[in-house]
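Peer 1:
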Amino acid sequence: MDTFDNLANGIVAVATPMNLLLLLAGVMLGMIVGVMPGLGPSAGLAILLPLTFTLDPTGAVVMLAAVYYGAMYGGTITSVLINTPGESATVASTFDGYPLAKQGRAGPALVMAAIGSFVAGTIGAVLISVASPMTASLAATFGPPELFLVVILGLLTLIVIIGGNRLLGALSALIGFAIATVGIDIGTGQQRYTFGSVELINGIDFIPVAIGLFGVGEILHTLWRGGHLEKLAYFNVSARSRDFWPTGHDLRESAGPITRGSFLGFFVGATPGAGATVASLMSYNLERSVSKTPEKFGKGAMPGLTGPEAANNAASSGAMVPLLTLGIPGSASTAVLIGGFMMWGLQPGPLLMTQNPEFAWGLIASMFLGNIMLLLVNVFCIPAFASIARVPFRVLGPAIIVICVLGTFTVNGSIVEVAIMLGCGLLGFFMRRFGFSPAALVIALVLGPMAEESLRQTMIISGGSFGIFLDRGTSRALLVLMVLLLVLPLVTVLIKRAAARGIARYGAMRRRRARRSGGLPGGEHTPPATTDTVADSTDREPETERVDST
Amino acid sequence: MNLADTARPATRPSGRVAGWVRPKTVFLAAVLVVLAVYTEMAFALEWRTQAGRIGPGFFPRVVGIAGVALTLWGLVAAIRSPRDDEVVALEDEVGEADLGKHPRLLAIMVLAAGVFAATLISLGAIISSALFLMVMLSLLNRGRHVVNAVIAIGIPLSMYLLLQTLLNAGLPEGILPRF
Chain L
491 MDTFDNLANG IVAVATPMNL LLLLAGVMLG MIVGVMPGLG PSAGLAILLP LTFTLDPTGA
551 VVMLAAVYYG AMYGGTITSV LINTPGESAT VASTFDGYPL AKQGRAGPAL VMAAIGSFVA
611 GTIGAVLISV ASPMTASLAA TFGPPELFLV VILGLLTLIV IIGGNRLLGA LSALIGFAIA
671 TVGIDIGTGQ QRYTFGSVEL INGIDFIPVA IGLFGVGEIL HTLWRGGHLE KLAYFNVSAR
731 SRDFWPTGHD LRESAGPITR GSFLGFFVGA TPGAGATVAS LMSYNLERSV SKTPEKFGKG
791 AMPGLTGPEA ANNAASSGAM VPLLTLGIPG SASTAVLIGG FMMWGLQPGP LLMTQNPEFA
851 WGLIASMFLG NIMLLLVNVF CIPAFASIAR VPFRVLGPAI IVICVLGTFT VNGSIVEVAI
911 MLGCGLLGFF MRRFGFSPAA LVIALVLGPM AEESLRQTMI ISGGSFGIFL DRGTSRALLV
971 LMVLLLVLPL VTVLIKRAAA RGIARYGAMR RRRARRSGGL PGGEHTPPAT TDTVADSTDR
1031 EPETERVDST
Chain Y
12 MNLADTARPA TRPSGRVAGW VRPKTVFLAA VLVVLAVYTE MAFALEWRTQ AGRIGPGFFP
72 RVVGIAGVAL TLWGLVAAIR SPRDDEVVAL EDEVGEADLG KHPRLLAIMV LAAGVFAATL
132 ISLGAIISSA LFLMVMLSLL NRGRHVVNAV IAIGIPLSMY LLLQTLLNAG LPEGILPRF
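Protein chains in written order, with the working numbering: chain L, 491 to 1040; chain Y, 12 to 190.
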């Protein structure tokens, strides 16, 4: 009952006219950022962070959370309409979203994606309401040794699961740790790496680094690879058209994928490091494997869009669990959110739900209200957001640099921070170009002080002995988890093969059953030809094989 | 430098370049130098305090040594397999044509952003932003002078009204009076 009471109190706290306006503004801004080429949720959050400085903590975090899930959906619009994912989490949405648009079904695709996001967001919010208090009560038993191990475990998970080059991922995290050591040493008060600069005594602020890496870095990378020359091929969508709305068949065939994607996405998202990208790709693979008509995937299958879409939105809810209860950001976006929390003096972690329940539950409650708002905004404003997606990068790029510079300056009125931001922008460009992980750097920058402080406290408790990590039961369990995580890449191949075999068997069984019960349902959909294709110069079939290799 | 060339797709380098002069190797070498200096400075800090607790140099030394070791490993790997040089992120692979690489345009953008930041306080937020936008839009959005002028004036003005006039966030006024 406590959960429901707390949630009800949270809803009451959030449901003020001001907070609802902030929620609406956050959702709208998030979607605008999401549809802008080259900007994802993390960049959007980092750039919009300075806008929330004059707000009260609850209002500010409610708005930032709304920006977060608004941006997660915004990327879907560009995936479907111009075959360009705003960020990696919506890559899977291009596989069937764009073919659906090519069939003249952009409207139903976007509405179904919005419905999928809504259902997944709501399921995610329910699960977070249940999982957060449980995780928080478990985490409340953690002492400094366990907290230190949890921080390291979070980073290890990020590096192991993030894929790509693990060596460079680990190096990125170490660079983040190194940046975090700039400033006054909390134990002795001695200055480290300040080079006599007064501006660096308090350390390198997280905001300029995040804005630089995600905002400026992305713009420079897009410019470098010719984003300014891109000719956008897009489809018009009009809410007035009858074909804008999904059919009953769309709803029926998406029910299963949305439900599966929601649960899969939440649990994958709750794992630090595995985020919305992994969840959406896993969901796509799962849906194709269990589908009665797998041959339609990649050619415009609605379940191929709604499943990953639900998974990526549920993952953003799931990522809130380690953030709220352990203070561990599982992704770059939640790292920016945690930076925002800290700015208002809120320390996410086991004590947040007991010391600041109105804030923690207000945030969870805002997810319920935000999802309703997101659905309404999505469905009725899709054509408006689609038109933003048409603003070319050659205009957006310089404008975003201006927003980044002015936004960074407003944080502390410091030109040094602007210089740091631009420097990090350049660093972000090179990191993206050479396969480093800006997300790992930012997460390590946030976790660095926490790791150092908890290790220092651990050493004080143990009198300088590292044996304390082996003496305590929970620490031992965490160490075992770490070892398992390190051997995970070795056994992943075997697990993947076994899982693929299992899912394929299940899919084959479903197809056999469908044949026995009178043929496969839902023949080829004949799309209406009313949607206006404005330009289509970069048509390309989605490469579904890529999912397997990811 | 002919700026007109900057907006055209550049050709990919086709010749074989030795592993140690490739861009990734140079970047890793730069990271190695920075981390080596960081580690050297960490050794000037105490490992342990006189009270026997962790000193200010403990964490930086661990981070520095691990960083140098990993960078060396990465550097050797980059020299031995130079084909891994071009890493393309997953989202870049989907739906985007190869439009070439534009290092000169990138350099101009970085330089212009540096000048923008350097003149932010002296010229003020509106003027320096407008100048930066004018320069960059004249390069990227060629021939659309009216649109470029409207954007170059409209965006800085809107940002100023939002951040300074509405939120009182403290943007520099420079040579224009505050409003």
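Think of the CB as a built atom: it goes at the ideal place given N, C-alpha and C, for glycine as much as any other residue.
#1: For chain Y, is any of its Cβ atoms less than 8 Å away from the one on L:F920?
#2: Please state if the CB of L:L836 and the CB of L:L827 are separated by a distance shorter than 8 Å.
#3: Using 8 Å as the threshold, is the C-beta distance between L:G564 and L:V609 below it?
#4: Under 8 Å, Cβ to Cβ, is there at least one residue of chain Y near L:G677?
#5: For the stretch 865-893 of chain L, enumerate the residues whose C-beta is nearer than 9 Å to any C-beta of chain Y, in chain order.
#6: Among residues of its own chain, excluding the 5 on either side of L:A1083, which ones have a beta-carbon nearer than 6 Å to its beta-carbon?
#7: Here's the rule: buried if 16 or more other CB atoms are within 10 angstroms of the residue's CB, otherwise exposed. What is L:R1030?
#8: Of the choices L:A582, L:I665, L:P798, L:L645, whose alpha-carbon is the least far from that of L:P747?
#9: Give the DSSP-derived three-state secondary structure of L:R682 in the structure shown.
#10: With 8 Å set as the bound, which would you pick, yes or no: does the beta-carbon of L:R778 sit closer than that to a beta-carbon of chain Y?
#11: Would you call the CB atoms of L:T612 and L:N802 closer than 8 Å?
#12: Could you tell me the distance, in whole angstroms, from the CA atom of L:Q845 to the CA atom of Y:A40?
#13: Please say whether L:P589 and L:W735 have beta carbons closer to each other than 8 Å?
#14: Got a sec: is the Cβ-Cβ distance from Y:G154 to anything in chain L below 8 Å?
#15: L:G887 and L:I709: beta carbons closer than 8 Å?
#16: So, are the CB atoms of L:T815 and L:V620 less than 8 Å apart?
#17: At a CB-CB cut-off below 8 Å, which residues of chain Y make contact with L:M949?
#18: Could you spell out where the alpha helix (DSSP H) holding L:T584 opens and where it closes?
#19: Quick one: does Y:D103 have its CB under 8 Å from some CB of chain L?
#20: Which residues, in order along the stretch 115-126 of chain Y, keep a beta-carbon less than 9 Å from a beta-carbon of chain L?
#21: Quickly, what does DSSP pair L:G673 with across the bridge? List them, please.
#22: Do L:V581 and L:A603 have their CB atoms nearer than 8 Å?
#23: Ignore the nearest five residues each way along the sequence and tell me which others in L:G897's own chain have a CB closer than 7 Å to its CB.
#24: Where do the ends of the alpha helix (DSSP H) carrying L:I818 lie?
#25: Determine, for L:L637, whether the minimum Cβ-Cβ distance to residues of chain Y falls below 8 Å.
#26: Return the chain-ordered list of same chain residues with a C-beta closer than 7 Å to the C-beta of Y:P183, the five sequence neighbours on each side being excluded.
#27: Please name the residue in L:G957, L:R946, L:R966, L:L917 whose C-alpha comes closest to that of Y:W58.
#28: Return the CA-CA distance between L:L637 and L:A663, expressed in angstroms with no decimal places.
#29: Are the CB atoms of L:F883 and L:H711 within a distance shorter than 8 Å?
#30: Quick check on DSSP: helix, strand or coil for L:V551?
#31: Can you check DSSP and say which residues form a bridge with Y:I65?
#32: Comparing the C-beta of L:A668 with each C-beta of chain Y, is any distance below 8 Å?
#33: Evaluate the contact criterion for the stretch 902-911 of chain L versus the stretch 628-645 of chain L: three or more CB pairs, one atom per stretch, below 8 Å.
#34: L:N692 lies in the alpha helix (DSSP H); which residues open and close that run?
#35: Could you tell me whether the Cβ atoms of L:V932 and L:L703 are closer together than 8 Å?
Peer 2: Reading it off the structure:
#1: Reading the first sequence from its first residue, position 430 is the one you call residue 920 of chain L. Yes, because at least one Cβ of chain Y sits closer than 8 Å to the Cβ of L:F920.
#2: The count along the first sequence starts at 1 and reaches residue 827 of chain L at position 337. The count along the first sequence starts at 1 and reaches residue 836 of chain L at position 346. Result no, Cβ atoms of L:L827 and L:L836 do not sit closer than 8 Å.
#3: Position 74 of the first sequence, counted from the first residue, corresponds to residue 564 of chain L. Position 119 of the first sequence, counted from the first residue, corresponds to residue 609 of chain L. Their beta carbons are not under 8 Å apart, which means L:G564 does not touch L:V609 by this criterion.
#4: Working through the first sequence from its first residue, we reach residue 677 of chain L at position 187. So yes, L:G677 belongs to the interface.
#5: Answer in chain order: P882, F883, R884, V885, G887, P888, A889, I891, V892, I893.
#6: Past the boundaries of the shown model lies residue 1083 of chain L; chain L is included only from 491 to 1040, so the question cannot be answered.
#7: On the first sequence, position 540 is the one that residue 1030 of chain L refers to. Note that L:R1030 scores a pLDDT of 38, beneath 50, so its modelled location is shaky; the value from the coordinates is reported in the next line. Exposed is the call here.
#8: What you label residue 747 of chain L is simply residue 257 of the first sequence in a count that begins at 1. The residue from L:A582, L:I665, L:P798, L:L645 with its alpha-carbon nearest to that of L:P747 is L:P798.
#9: Along the first sequence, read from residue 1 onward, the residue named residue 682 of chain L stands at position 192. Of the three classes helix, strand and coil, the one that applies to L:R682 here is strand, per DSSP.
#10: For this step, residue 778 of chain L is matched to residue 288 along the first sequence. By the rule that beta-carbons nearer than 8 Å mark a contact, L:R778 does not touch chain Y.
#11: The residue you call residue 612 of chain L lines up with position 122 of the first sequence. The residue you call residue 802 of chain L lines up with position 312 of the first sequence. No, they are not a contact pair.
#12: Mapped onto the first sequence, residue 845 of chain L falls at position 355. Mapped onto the second sequence, residue 40 of chain Y falls at position 29. If you take the alpha carbons of L:Q845 and Y:A40, they lie about 47 Å apart.
#13: Sequence index remark: in the first sequence, residue 735 of chain L carries index 245 (1-based). Sequence index remark: in the first sequence, residue 589 of chain L carries index 99 (1-based). No, Cβ-Cβ distance for L:W735 and L:P589 is not below 8 Å.
#14: One-based indexing of the second sequence puts residue 154 of chain Y at position 143. Taking Cβ atoms only, chain L never reaches closer than 8 Å to Y:G154, which makes this a no.
#15: For the purposes of this step, residue 887 of chain L is taken as the residue at position 397 of the first sequence. For the purposes of this step, residue 709 of chain L is taken as the residue at position 219 of the first sequence. In this structure, L:I709 lies closer than 8 Å to L:G887 by Cβ.
#16: The residue labelled residue 815 of chain L in the question sits at position 325 within the first sequence. The residue labelled residue 620 of chain L in the question sits at position 130 within the first sequence. Cβ atoms of L:T815 and L:V620: not closer than 8 Å.
#17: Numbered from 1 along the first sequence, position 459 holds the residue referred to as residue 949 of chain L. Simply R64, I65.
#18: Counting from one through the first sequence, the residue named residue 584 of chain L turns up at place 94. Per DSSP, L:T584 belongs to the alpha helix (DSSP H) from 581-592.
#19: In the second sequence, the residue the question calls residue 103 of chain Y occupies position 92. Here Y:D103 scores only 47 on pLDDT, less than 50, and its place in the model should not be relied on; the value that follows carries that caveat. Chain L, which has a Cβ nearer than 8 Å to the Cβ of Y:D103, makes this yes.
#20: L116, L117, M120, V121, A123, A124, G125
#21: Translated into positions along the first sequence, residue 673 of chain L becomes position 183. L:G673 is bridged to L:R682.
#22: Along the first sequence, read from residue 1 onward, the residue named residue 581 of chain L stands at position 91. Along the first sequence, read from residue 1 onward, the residue named residue 603 of chain L stands at position 113. Going by C-beta atoms, L:V581 is not nearer than 8 Å to L:A603.
#23: What you label residue 897 of chain L is simply residue 407 of the first sequence in a count that begins at 1. Cβ neighbours of L:G897 beyond the five flanking positions: I537, P540, I701.
#24: Taking the first residue of the first sequence as 1, we reach residue 818 of chain L at position 328. Here L:I818 belongs to no alpha helix (DSSP H), and DSSP marks it neither H nor E.
#25: Taking the first residue of the first sequence as 1, we reach residue 637 of chain L at position 147. So no, L:L637 is outside the interface.
#26: One-based indexing of the second sequence puts residue 183 of chain Y at position 172. Correct list, in chain order: L131, I132, G135, A136.
#27: Start at 1 with the first residue of the second sequence, and residue 58 of chain Y comes out as number 47. The shortest C-alpha separation from Y:W58 is found at L:R946.
#28: By 1-based counting over the first sequence, the position of residue 637 of chain L is 147. By 1-based counting over the first sequence, the position of residue 663 of chain L is 173. Distance between the alpha carbons of L:L637 and L:A663 is about 18 Å.
#29: Numbered from 1 along the first sequence, position 221 holds the residue referred to as residue 711 of chain L. Numbered from 1 along the first sequence, position 393 holds the residue referred to as residue 883 of chain L. Not in contact: L:H711 and L:F883 (Cβ atoms no closer than 8 Å).
#30: Against the first sequence, residue 551 of chain L aligns to sequence position 61. L:V551: helix per DSSP, three-state reduction.
#31: By 1-based counting over the second sequence, the position of residue 65 of chain Y is 54. According to DSSP, Y:I65 shares a beta bridge with Y:R59.
#32: As a working mapping, residue 668 of chain L is identified with position 178 in the first sequence. Judged by the 8 Å Cβ criterion, L:A668 is in contact with chain Y.
#33: no
#34: The count along the first sequence starts at 1 and reaches residue 692 of chain L at position 202. Neither: L:N692 is in no alpha helix (DSSP H) and is coded neither H nor E.
#35: For the purposes of this step, residue 932 of chain L is taken as residue 442 along the first sequence, with counting starting at 1. For the purposes of this step, residue 703 of chain L is taken as residue 213 along the first sequence, with counting starting at 1. In this structure, L:L703 lies closer than 8 Å to L:V932 by Cβ.
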